[in-house]
Amino acid sequence: MNVKLKCRICPKGCWLALGEMGDCRVRQNIDGKIRCTTYGYPCSLNIDPIEKKPLYHFLPGSSILSVGTPGCNLHCRSCQNAQISQAGMRIPAGEKRLPDDLVRLARKHKCPAVAYTYTEPLVSFEYTYDCCKATAAAGIKNVLVTAAYINPEPLLEIGPYIDAANVDLKSFSDTFYREICDARLGPVLNALIQMKAGGVMLEITNLIIPTLNDSEEETKTLCEWVVENLGAETPLHFSRFFPQYQLKHLPLTPEKTLLRAREIALQTGLHFVYVGNIQSNEGSHTYCPNCGNLLIERHGYTVRRNRVSVGQCPACQTPIPGVWE
Ligand SMILES: [Zn+2]
185 MNVKLKCRIC
195 PKGCWLALGE
205 MGDCRVRQNI
215 DGKIRCTTYG
225 YPCSLNIDPI
235 EKKPLYHFLP
245 GSSILSVGTP
255 GCNLHCRSCQ
265 NAQISQAGMR
275 IPAGEKRLPD
285 DLVRLARKHK
295 CPAVAYTYTE
305 PLVSFEYTYD
315 CCKATAAAGI
325 KNVLVTAAYI
335 NPEPLLEIGP
345 YIDAANVDLK
355 SFSDTFYREI
365 CDARLGPVLN
375 ALIQMKAGGV
385 MLEITNLIIP
395 TLNDSEEETK
405 TLCEWVVENL
415 GAETPLHFSR
425 FFPQYQLKHL
435 PLTPEKTLLR
445 AREIALQTGL
455 HFVYVGNIQS
465 NEGSHTYCPN
475 CGNLLIERHG
485 YTVRRNRVSV
495 GQCPACQTPI
505 PGVWE
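For the sequence shown, my numbering assigns the number 185 to the initial residue and increments by one for each residue that follows.
(1) Using the Cβ count rule (16 or more neighbours within 10 Å means buried), how would you classify V384?
(2) Report whether the distance from the Cβ of N474 to the nearest heavy atom of ligand 1 is below 7 Å.
(3) Can you tell me whether T330 is helix, strand or coil according to DSSP?
(4) How about K237 and A320: do their beta carbons lie closer than 8 Å?
(5) Just the Cα atoms here: how many angstroms apart are G434 and L442?
(6) Please go through the same chain and pick out, in chain order, the residues whose beta-carbon is closer than 7 Å to the beta-carbon of H455, but skip the five residues on each side of it.
(7) Q199 bridges to which residues according to DSSP?
(8) Find the nearest neighbour of C475 within the set E402, A499 and N186, judged by alpha-carbon distance.
(9) From the DSSP secondary-structure annotation, give me the bridge partner or partners of P503.
(10) Alpha carbon to alpha carbon, how far is S493 from V487?
(11) Would N461 and R424 be called neighbours here (beta carbons separated by less than 8 Å)?
(12) Can we count N265 as close to ligand 1, meaning its CB is less than 7 Å from some heavy atom?
(13) Suppose the cutoff is 8 Å on Cβ atoms and the five residues either side in sequence are ignored; what does the same chain contact list for D358 look like?
(14) Taking only three categories from DSSP, how would you classify A320?
(15) Among all the DSSP beta bridges, which residues are the ones paired with F422?
(16) With DSSP run on the structure shown, which of helix, strand or coil describes E481?
(17) Please state if the CB of Y225 and the CB of N265 are separated by a distance shorter than 8 Å.
(18) Taking Cβ to Cβ, would you say F360 is nearer than 8 Å to L406?
(19) How far does the beta strand (DSSP E) with P244 in it extend, from its first residue to its last?
And the structure:
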């Protein structure tokens, strides 16, 4: 029984000897089979505004049951959830929550969707998969909040049960991915293309970290790639970095950097560009890309007014991509 097994889930492809744990600190070779040690034991369970994921074009104003399991296959030095993402099963297990429990909880709290979030849901693949399948069968929608560092085959398996995703595109530099996240850029881009082709409603988040990924050239290249490969209608969120975890020595992202990134993205042709973690009306609201009409007014995570009507701008009838009801 000394045979090493290769984990099939992510591009790291860890070879695990008996008893050994993968780089995600979740997947382990137990009795000659790779198992998901977090199965049934989320460490976080909350009801959040869907805007917090962030998803701005998917059931705006709704509450979403948000589930997080310990562990992640990336080790971002900027992680805001390092206590749970880098912990694996070293953190005490909470109450057992099987897929049917999530269905019951979502119904009880009138959540139209469940989000797999806070850490990397795809490393707890078997659990996330079973939950998605159970909730989808119950007519509840599924949302992934993910870094999308996953192999094509498992993504193909889970894809049919995923309605929407917010994917962290952390940088457009492979060096950044290697040095800051302990991953690679290429597989993330491939996963994004695959999700788009599979009909997943995508929104992208790019956390802008001063000195590391804040150059205008990088922002422009990233936006051009999104326009070309995912479409100009893909919502893009630029998010403000707060000094934390292993990057406490870096400054807070200046507001002007985020607003400049938004300008660049709009110039590149993207229709819906938002900025997160700062107060900015134009970066919070949704405007019609055709006539400029204010469609969705937001304040923080609250939707103050939603004028999208049957998926269209009420002024010029331009279809607004998203899931609106
Ligand atoms: Zn319009």
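We put the CB at the ideal spot given by N, CA and C, even for glycine.
Taking the geometry as given:
(1) buried
(2) yes
(3) strand
(4) no
(5) Per the sequence shown, residue 434 should be read as Leu rather than Gly. Roughly 16 Å separates the two Cα atoms.
(6) Excluding sequence neighbours, H455 sits near A416, E417 and P473.
(7) A small fix is needed here, since residue 199 is Trp in this sequence, not Gln. The secondary-structure analysis by DSSP pairs W199 across a beta bridge with K190.
(8) Distance from the Cα of C475 is smallest, within the candidate group E402, A499 and N186, for A499.
(9) Q496
(10) Between the C-alpha atoms of S493 and V487 there is a straight-line separation of about 15 Å.
(11) yes
(12) no
(13) R368, L369 and G370
(14) helix
(15) N390 and V459.
(16) Residue state for E481 is assigned as strand, using DSSP reduced to three classes.
(17) no
(18) no
(19) Counting along the chain, P244 falls outside any beta strand (DSSP E), and DSSP gives it neither H nor E.
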